[in-house]
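S.K.: Per the numbering used here, the very first residue in the sequence shown carries number 2; after that it's consecutive.
Ideal placement from N, C-alpha and C gives every residue a C-beta, glycine not left out.
If you scroll down you'll find the structure; I have some questions about it.
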Amino acid sequence: MATKENIVVKNCLKPLTIGWCRCSILALMSDTLPLTIEPWLMYRRNHELVGSLLLSQMPNLQASQNREESVVKIRVAVKQREDGHKVIVGSAEVELELNCQRCLQPLVKVIKADFELVLVKHEHQLSSVNDSDDAIVCEDSLELAPLIEQELILSLPMIPKHEDCQAMYENAVDGDADRQQPFANLKDLLS
Ligand SMILES: [Zn+2]
């Protein structure tokens, strides 16, 4: 009898837990952004997009760290700059799990990227863009995920490290242990 009850409880709990996880992911993703954007239309309508995509939609960024999934928060708008160029401006933010290059342990880090890309309709217009500007050619629609992915990859730290890495402390302790070795030998002689 007790076994049967346990089975019933287990069967009840499992779907409930899965249901809760799905709900929370859906809640986070209720502001999901479209896969493609139309920047010229966004400019004409003065439309700013605020929402999120999933890390799994950015396979290269996903592969550069340990997390299977994370939510990428994004804000993007199209504006006219003082020099007349239209620019895609925005920011993106994602929490990733990198590996600390000092102790090789996981390092959870929020990666943020702010970007401003000059928008041109045709490739030949790129010659009018300053060398210091990043530019993007877009006739009407643009895939959003690869654009955000590239900006976040550029913002990854070259050498991820814990700010207060334990490896530094452990190395210091190892050093002390080496220095104590002669005394340990002395102790052996005395006993
Ligand atoms: Zn570390």
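So, do the segment 121-129 and the segment 68-78 have three or more beta carbon pairs nearer to each other than 8 Å?
M.R.: Too few Cβ pairs lie closer than 8 Å, so no.
S.K.: Hey, how far is the Cα of Leu-36 from the Cα of Leu-54?
M.R.: Computed Cα separation, rounded: 8 Å.
S.K.: What would DSSP say about Glu-39, mapped onto helix, strand or coil?
M.R.: Residue state, collapsed to three classes: coil.
S.K.: Within this structure, are the beta carbons of Leu-155 and Ala-93 separated by less than 8 Å?
M.R.: Going by C-beta atoms, Leu-155 is not nearer than 8 Å to Ala-93.
S.K.: Taking 8 Å as the cut-off, decide whether the C-beta atoms of Glu-98 and Val-109 are in contact.
M.R.: A contact, by the Cβ cut-off of 8 Å.
S.K.: Could you check what DSSP says for Asn-100 in three-state terms: helix, strand or coil?
M.R.: Of the three classes helix, strand and coil, the one that applies to Asn-100 here is strand, per DSSP.
S.K.: Where does Leu-66 land, buried or exposed, given buried means 16+ other C-beta within 10 angstroms?
M.R.: In the sequence as displayed, the identity of residue 66 is Gln instead of Leu. Buried, because 16 or more other Cβ atoms sit within 10 Å of the Cβ of Gln-66.
S.K.: Output needed for Met-43: all residues of its chain with C-beta closer than 6 Å, excluding positions within five of it in sequence on either side, in chain order.
M.R.: Hits under 6 Å: Val-79.
S.K.: Indicate whether the contact test is met: 3 or more Cβ pairs, each with one atom in the segment 133-141 and one in the segment 116-125, closer than 8 Å.
M.R.: These segments touch.
S.K.: Going by other Cβ atoms of all chains shown within 10 Å of its Cβ, with 16 needed for buried, is Gln-63 buried or exposed?
M.R.: Its Cβ being crowded by 16 or more others within 10 Å, Gln-63 is buried.
S.K.: Which class does Asp-32 belong to by DSSP, given the choice of helix, strand or coil?
M.R.: Here Asp-32 sits in helix by DSSP.
S.K.: In three-state DSSP terms, what is Glu-117?
M.R.: Looking at Glu-117 - three-state DSSP - the assignment turns out to be strand.
S.K.: What does a CB cutoff of less than 7 Å around Glu-96 pick up in its chain, not counting 5 residues either side in sequence?
M.R.: Result list for Glu-96: Ser-71, Val-109, Val-111, in chain order.
S.K.: In whole angstroms, give me the CA-to-CA distance for Gln-167 and Asn-100.
M.R.: Taking the straight line from one Cα to the other gives about 13 Å.
S.K.: Run through DSSP, which three-state label would Ser-57 get?
M.R.: Of the three classes helix, strand and coil, the one that applies to Ser-57 here is helix, per DSSP.
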